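There are 4 protein chains.
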Amino acid sequence: MPDLDRVVKEIAEEMADRQDRGEVATYIPELARVDPKAFGIVVIDADGQVAAGGDSDTPFSIQSISKVFTLTLALGMVGDRLWRRVGREPSGSPFNSIVQLERERGIPRNPFINAGAIAVTDVILSGHQPREALGEILRFMQFLAQDPTITIDEAVAASELRTGFRNIALANYMKSFGVIDNPVDFTLGVYFHHCAIGMSCRQLATASRFLAHSGRHPLTGHSVVSPERAKRINAVMLTCGHYDGSGEFAYRVGLPGKSGVGGGIIAVAPERASIAVWSPGLDASGNSHLGRIALEMLTKRLGWSIFGV
Amino acid sequence: MPDLDRVVKEIAEEMADRQDRGEVATYIPELARVDPKAFGIVVIDADGQVAAGGDSDTPFSIQSISKVFTLTLALGMVGDRLWRRVGREPSGSPFNSIVQLERERGIPRNPFINAGAIAVTDVILSGHQPREALGEILRFMQFLAQDPTITIDEAVAASELRTGFRNIALANYMKSFGVIDNPVDFTLGVYFHHCAIGMSCRQLATASRFLAHSGRHPLTGHSVVSPERAKRINAVMLTCGHYDGSGEFAYRVGLPGKSGVGGGIIAVAPERASIAVWSPGLDASGNSHLGRIALEMLTKRLGWSIFGV
Amino acid sequence: MPDLDRVVKEIAEEMADRQDRGEVATYIPELARVDPKAFGIVVIDADGQVAAGGDSDTPFSIQSISKVFTLTLALGMVGDRLWRRVGREPSGSPFNSIVQLERERGIPRNPFINAGAIAVTDVILSGHQPREALGEILRFMQFLAQDPTITIDEAVAASELRTGFRNIALANYMKSFGVIDNPVDFTLGVYFHHCAIGMSCRQLATASRFLAHSGRHPLTGHSVVSPERAKRINAVMLTCGHYDGSGEFAYRVGLPGKSGVGGGIIAVAPERASIAVWSPGLDASGNSHLGRIALEMLTKRLGWSIFGV
Amino acid sequence: MPDLDRVVKEIAEEMADRQDRGEVATYIPELARVDPKAFGIVVIDADGQVAAGGDSDTPFSIQSISKVFTLTLALGMVGDRLWRRVGREPSGSPFNSIVQLERERGIPRNPFINAGAIAVTDVILSGHQPREALGEILRFMQFLAQDPTITIDEAVAASELRTGFRNIALANYMKSFGVIDNPVDFTLGVYFHHCAIGMSCRQLATASRFLAHSGRHPLTGHSVVSPERAKRINAVMLTCGHYDGSGEFAYRVGLPGKSGVGGGIIAVAPERASIAVWSPGLDASGNSHLGRIALEMLTKRLGWSIFGV
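Chains as they are written, first to last, in full-length UniProt numbering: chain A, 1 to 309; chain B, 1 to 309; chain C, 1 to 309; chain D, 1 to 309.
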């Protein structure tokens, strides 16, 4: 796979030189401490060949990228009943807006805005202790990434718990409409912890492979989800995966993807490859600035956009 | 192309029997008068082979489907400067909401909500008489459909002009922010007329072929837009093409598409085919009820979703 | 009445020296042309004694102050049925917000925001030609002010008609909900013209006397409205008379009042006096900056607040 | 004072017979348990004469009426600096709306919507333990009512704490903007407890006397607040005291007042009297249905409206 490998290496080099790197998230000290110069990229194709560039093995806080995997897990638990709790329309609002919840009586617009991801976490938690639910999520990530060393950064989770007033507000607001079943503290505890999972680009690209390959996990041969469900998760990523920058991401990159405030982005080229990039500086919509640019270069050079060659 | 042909015929037959057909738009008498039993479908593949079913040659009011073509035309005229006047993010609101305009100082969220399409029409009009601009749009449609008989239904346009108070409100509201250059009456006159163009599924599927084939018009060999632009128009259709049902359409159908309140929908399977369906009954979001179901069947049976097989 | 006279004169003198005068409205040239140094005040007590200071006889554009009188006129025509078309709650929004209309299906929150005043004008117009309705409004003002020389500034009205896109948007938006009966152009024509009436502080204070005296016009002895209705119009002025600065006006001045973007304010001290002030510079909420300060001084020095001595 | 006494007795009798009594609040069992037939009224004039009718000595949950007294207390502590934390404009929204907070970056519109009252409570709490702050509020109420037996209904407070998810959301949302200084649990603990104070109409009318009499407490001769501040608190009650029914209350009753979801309302006739009514059934805006009607009768029969006789 020389071509892909060369493209990935070139992009990593170009990114290393860029001066415009966005702004690193500073709302908790653990995120602010990250090296703004970091950049990593990993692409894994259908045959399992890996093209890597930059800081491809450095773990970072996956943050909202975890929402793709909790969505997958919750759909596996309750099936399409999940959609009674959360919609699947783009929100047209910032990731932490509470206005939409008031208009739509506590039902979040989609599972990738904060309110929606909290509602999904609440579904996973139902009937369990927080510790058990969290264990299940972490084991799911370890299984998908085929790496049992993946852990949660407790300092990040603790910081979020101490300062996440807006998420506490969102959860209580949904609770007032009956959309949250468990004690708010439990649900948020699990939510903040799964957002604090630390993973590298290599681990994330591995974990995302099932989405590119009809729901099957190529390494294990297991079916993680049905082909139908894989497509649908990709569809939700395309329309809602980047908060109020989702349209821009579709327009420029042309792949389903999900970003996190830690600077990571996963993307899926159906039937072709799974991709993870990481650069801590964010743009105005809260998505990795260089991460988005790197993905735009990648799909352009490889002709991988789902919208045409 | 037996397979495609058979699938299309089967879908047309299944649709003929459905009892759930949605509600025909009644806000103007000309739309209300349409036969609710009508259903048409046309798919044209990369080789130009046509698979047709049902009322595939009956013309209907294309309404908002025209917005794809006026967007294409306006981008051809002013290039990416167009995006200073209109965004490309999903709106999270009904097609005719005015709330978003107040929050974002008159800049519509995307070119497919009414406000955005009016702003795009205003760009096409600039420096011309309404009659000239309208002629240009109509000739563009005739050229793309390779059919000089396509016309505007003046009765529809006149009804819209008489009753389109909300669109008049949107246009004047944008004008108050300086987003509309021309006299509001001129811009709206052109807007209402291009929405009133009558076309059949066959004509629409032909006119949409350039979007499926890197911007080239297979019949003429002409490049209508660059490959880059074709992809990007498809991306905007995917995220914004069905008003507040865009997420649902991506989730179920998995193709870029654009619906109109006349019951038509165009859809694009990149590199594979262009598609047009028509059934006048609408769902709660204002999109053709059976049209969306037919497209969902089509992509499932043919494995055409852009989100995976 | 030496005391009142002295207080009024003192205030006029203090206002003449102030450097902070707010910003004169510039959205139409006719308003921008006014001398920013102008200041006038007139108070007429229960006995009809007049205390005047500054430019008390200079006519200015009464603008939204006219809304008090069109409300009075419309209530006289259709009685409390008027409240089916317009609410009487404060809006919590700027004077020209369209957001509230979307949420409340075209019913304006109160008769003093632009949308509400347009709806009231539409009621006055019903069944008449615009010229007749306008004549009726003008004769009502002349009668209340006991001055047949009061006229409409046609240049102001024409400028508003040419540039009032947001008001055109509001009217069409309400029309789309069926709240406006007449052709929008007719209703807005009357609206822009009655806002363009030119009056002096002396004329406005005279015209407002019935609101301070149980609905009776002291000069003529005629009952303009019932005592009940006079109180209620005062209540609406108190809660809604100053757009998004109504709470501030109640808090500081403590009298029912109504401001206009031309810099005028009328105020009512029940059983005591009617008041008009004028200074063209506006504060951030669009109310006369010095006008409000002068009224605050007046009520404080005379102990006229309705909220206690 | 035969006249006042007769009017009050008549109103109490008329209210006893009414069939339309509104709906008793049921969101916590303690409020739902109240007798819907209850009605009480007490008026205390400038000379201290008391006119009472109905269940004038039955204690009920004062709920939001407490906000008038916490506002008074907070203004006494920090003066006009309080207005940096909370506005004084009517909100145009239901009492527990969170939308306005998003638009205005966490600053509540006024001290009488829930968010505003929570912010005021936070100011009172600052630098103290919750128990101390609550003790101070309770002693203030006992002092104003001249009755040391007034207590907090712990069952009501506990129920609110268990179910008050929307208030928890509001408080955390404000905290995310830095508007709340103390731990949210502390602030809400004090808030829920002062809302759960139980008082009778007689106690409330006594406690409100300073607002009717230039800030002085007639029984003790003490000045509770300056005359200026008393007027201003009355002004805020007039424009904001009844949530989204404030305009209606001003229009019909014509007195500054404050309602609570327990069915109580206090009202102030400046220089004349303080008034308390109670009837548990609420109207659509959450204000006591018969309470408002009784006050409307009272001001009409006695000519006490601040907007004219």
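A virtual CB, placed ideally from N, CA and C, is assigned to each residue, including glycine. Owing to the predicted nature of the structure, the values given are computational and were not obtained by experimental measurement.
Query raised in the report: Expressed to the nearest angstrom, what Euclidean distance is found between the alpha-carbon atoms of Gln203(A) and Lys67(A)?
Result: Here residue 203(A) corresponds to residue number 203 of the first sequence, with the count starting at 1. Here residue 67(A) corresponds to residue number 67 of the first sequence, with the count starting at 1. Cα to Cα, Gln203(A) sits roughly 16 Å from Lys67(A).
Query raised in the report: The beta strand (DSSP E) spanning residue 317(B) covers which residue range?
Result: Past the edges of chain B, shown from 1 to 309, lies residue 317(B), and the structure says nothing about it.
Query raised in the report: Comparing the CB of Asn110(C) with every heavy atom of the ligand FMN, is any distance shorter than 8 Å?
Result: In the structure on display, the ligand FMN does not appear, and there are no ligands present to speak of.
Query raised in the report: Is any beta-carbon of chain B found at less than 9 Å from that of Ser97(C)?
Result: One-based indexing of the third sequence puts residue 97(C) at position 97. Chain B contact via Cβ: present.
Query raised in the report: Can you tell which of Gly22(C), Glu102(C) and Ser274(C) has the C-alpha that lies nearest to the C-alpha of Ser288(C)?
Result: Taking the third sequence and counting its residues from 1, one reaches residue 288(C) at position 288. Measuring from the Cα of Ser288(C), the nearest candidate turns out to be Gly22(C).
Query raised in the report: If you drop the 5 nearest sequence neighbours on each side, which residues of the same chain put their C-beta closer than 8 Å to that of Ala169(C)?
Result: Translated into the one-based positions of the third sequence, residue 169(C) becomes position 169. Answer for Ala169(C): Ile98, listed in chain order.
Query raised in the report: What runs of the beta strand (DSSP E), each 3 residues or longer, lie entirely inside the stretch 109–180 of chain B?
Result: none
Query raised in the report: Can you round the beta-carbon distance between Ser64(D) and Ser200(D) to whole angstroms, since I take them to be within the 8 Å contact cut?
Result: In the fourth sequence, residue 64(D) corresponds to position 64, counting from 1. In the fourth sequence, residue 200(D) corresponds to position 200, counting from 1. Not really, about 17 Å apart at Cβ, beyond 8 Å.
Report task. Would you please verify whether the beta carbon of Lys258(B) is less than 9 Å from any beta carbon of chain C? Result -> Locating residue 258(B) in the second sequence gives position 258, counting from the first residue. Closer than 9 Å: no.
**Report entry** Bridge partner(s) assigned by DSSP for Lys258(D)
**Finding:** Indexing the fourth sequence from 1 puts residue 258(D) at position 258. According to DSSP, which records beta bridges pairwise, Lys258(D) is partnered with Ile266(D).
Query raised in the report: For Gly53(A), which beta-bridge partners are listed by DSSP?
Result: Mapped onto the first sequence, residue 53(A) falls at position 53. Gly53(A) pairs with Ile41(A).
Query raised in the report: Between the stretch 97–113 of chain C and chain B, which residues of the former have CB atoms less than 7 Å from a CB of the latter, in chain order?
Result: Ser97, Ile98, Val99 and Glu102
Report task. Going by CA-CA distance only, name the one from Lys9(D), Ile124(D) and Asp181(D) that's closest to Val78(D). Result -> As a working mapping, residue 78(D) is identified with position 78 in the fourth sequence. Residue Ile124(D) is the option with its Cα nearest to Val78(D).
Query raised in the report: Does the beta carbon of Ala273(C) sit closer than 9 Å to a beta carbon anywhere in chain B?
Result: Here residue 273(C) refers to the residue found at position 273 of the third sequence. No, because no Cβ of chain B sits closer than 9 Å to the Cβ of Ala273(C).
**Report entry** Distance between Ala25(A) and Glu228(A) (C-alpha atoms, nearest Å)
**Finding:** As a working note, residue 228(A) is residue 228 in the first sequence. As a working note, residue 25(A) is residue 25 in the first sequence. Cα-Cα distance, rounded: 36 Å.
Query - Reduced DSSP category for Leu298(C) - H, G, I as helix; E, B as strand; rest coil - result: Your numbering for residue 298(C) matches position 298 in the third sequence. Reduced to three states, the DSSP call for Leu298(C) is helix.
Query raised in the report: What three-state label does DSSP hand Ala12(C) in the structure shown?
Result: Residue numbering aside, residue 12(C) sits at position 12 when the third sequence is read from its first letter. The answer is helix: DSSP assigns Ala12(C) an H, G or I state.
Requested in this report: Take Met174(A) as the anchor and find which of Arg105(A), Gly247(A) and Arg33(A) has the nearest alpha-carbon.
Outcome: Along the first sequence, one-based indexing puts residue 174(A) at 174. Checked all of Arg105(A), Gly247(A) and Arg33(A); the closest Cα to Met174(A) is Arg105(A).
Requested in this report: Give the DSSP-derived three-state secondary structure of Ile233(A) in the structure shown.
Outcome: Position 233 of the first sequence, counted from the first residue, corresponds to residue 233(A). Correct three-state label for Ile233(A): helix.
Report task. Starting from Lys231(A), find everything on chain B with Cβ-Cβ shorter than 7 Å and list it in chain order. Result -> For the purposes of this step, residue 231(A) is taken as the residue at position 231 of the first sequence. Simply Gly254, Ser305, Phe307 and Gly308.
Query raised in the report: Should Tyr243(B) be flagged as near chain C, meaning a C-beta pair shorter than 9 Å?
Result: To locate residue 243(B), count along the second sequence from 1; it is residue 243. No - not a single Cβ of chain C is within 9 Å of the one on Tyr243(B).
**Report entry** Simplified DSSP assignment, three categories, for Val68(C)
**Finding:** As a position in the third sequence, residue 68(C) is number 68, starting the count at 1. DSSP places Val68(C) in helix when its eight states are reduced to three.
**Report entry** Other residues of its chain near Ser285(C): CB distance less than 6 Å, five sequence neighbours each side excluded
**Finding:** Indexing the third sequence from 1 puts residue 285(C) at position 285. Closer than 6 Å at Cβ, skipping near neighbours: Tyr243, Asp244 and Gly245.
Requested in this report: Answer with buried or exposed for Gln100(C), where buried requires no fewer than 16 other C-beta atoms within 10 angstroms of its C-beta.
Outcome: Residue numbering aside, residue 100(C) sits at position 100 when the third sequence is read from its first letter. So Gln100(C) counts as buried.
**Report entry** Assumed close pair Thr239(B), Gly247(A) - CB separation to whole angstroms, cut-off 8 Å
**Finding:** By 1-based counting over the second sequence, the position of residue 239(B) is 239. By 1-based counting over the first sequence, the position of residue 247(A) is 247. Indeed they touch by this definition, with Cβ atoms about 5 Å apart.
**Report entry** Member of Ile266(A), Gly308(A), Glu154(A) and Thr58(A) whose CA lies at the smallest distance from the CA of Glu30(A)
**Finding:** Within the first sequence, numbered from 1, the residue matching residue 30(A) stands at position 30. Cα-wise, what sits closest to Glu30(A) is Glu154(A).
Requested in this report: Within the same chain, show all residues whose beta-carbon is closer than 6 Å to that of Leu144(B), passing over the 5 residues directly before and after it, in chain order.
Outcome: As a position in the second sequence, residue 144(B) is number 144, starting the count at 1. Excluding residues within five positions, the ones whose Cβ falls inside 6 Å are Ala207.
Query raised in the report: Is Ser223(B) closer than 9 Å to Asn182(B) when the C-beta atoms are compared?
Result: Here residue 182(B) refers to the residue found at position 182 when the second sequence is read from its first residue. Here residue 223(B) refers to the residue found at position 223 when the second sequence is read from its first residue. No. Outside cutoff.
Query - Under 9 Å between C-beta atoms of His213(C) and Gly308(D) - result: Residue 213(C) sits at position 213 when you count from the first residue of the third sequence. Residue 308(D) sits at position 308 when you count from the first residue of the fourth sequence. Taking 9 Å as the Cβ cut-off, His213(C) and Gly308(D) qualify as a contacting pair.
Requested in this report: Within the same chain, show all residues whose beta-carbon is closer than 7 Å to that of Ala230(B), passing over the 5 residues directly before and after it, in chain order.
Outcome: The residue given as residue 230(B) occupies position 230 in the second sequence. Answer for Ala230(B): Phe210, Leu211, Ser214 and Gly215, listed in chain order.
Query raised in the report: Counting contacts by CB-CB distance shorter than 9 Å, is Tyr173(C) in contact with chain B?
Result: Taking the third sequence and counting its residues from 1, one reaches residue 173(C) at position 173. By this cut-off, Tyr173(C) is an interface position.
Query raised in the report: Skipping 5 residues on each side, what residues in its chain have a beta carbon closer than 8 Å to that of Ser279(C)?
Result: Here the question's residue 279(C) lines up with position 279 in the third sequence. Counting only Cβ-Cβ distances below 8 Å, and skipping sequence neighbours, we find Met15, Arg21, Gly22, Ala38, Phe39, Gly40, Gly263, Ser288, His289, Leu290, Gly291 and Ala294.
**Report entry** Selection from Gly135(B), Ala269(B), Ala171(B) and Val34(B) that minimises the alpha carbon distance to Glu102(B)
**Finding:** Position 102 of the second sequence, counting from 1, holds the residue named residue 102(B). Nearest C-alpha to Glu102(B): Ala171(B).
Query - CB of Cys195(D) within 9 Å of CB of Gly260(D), strictly - result: Taking the first residue of the fourth sequence as 1, we reach residue 195(D) at position 195. Taking the first residue of the fourth sequence as 1, we reach residue 260(D) at position 260. Cβ atoms of Cys195(D) and Gly260(D): closer than 9 Å.
Query raised in the report: In three-state DSSP terms, what is Val34(A)?
Result: To locate residue 34(A), count along the first sequence from 1; it is residue 34. Coil.
**Report entry** For Thr149(D), the nearest candidate out of Asn167(D), Gly198(D), Ser176(D) and Thr187(D) (CA to CA)
**Finding:** Taking the first residue of the fourth sequence as 1, we reach residue 149(D) at position 149. Thr149(D) has its Cα closest to that of Gly198(D), out of Asn167(D), Gly198(D), Ser176(D) and Thr187(D).
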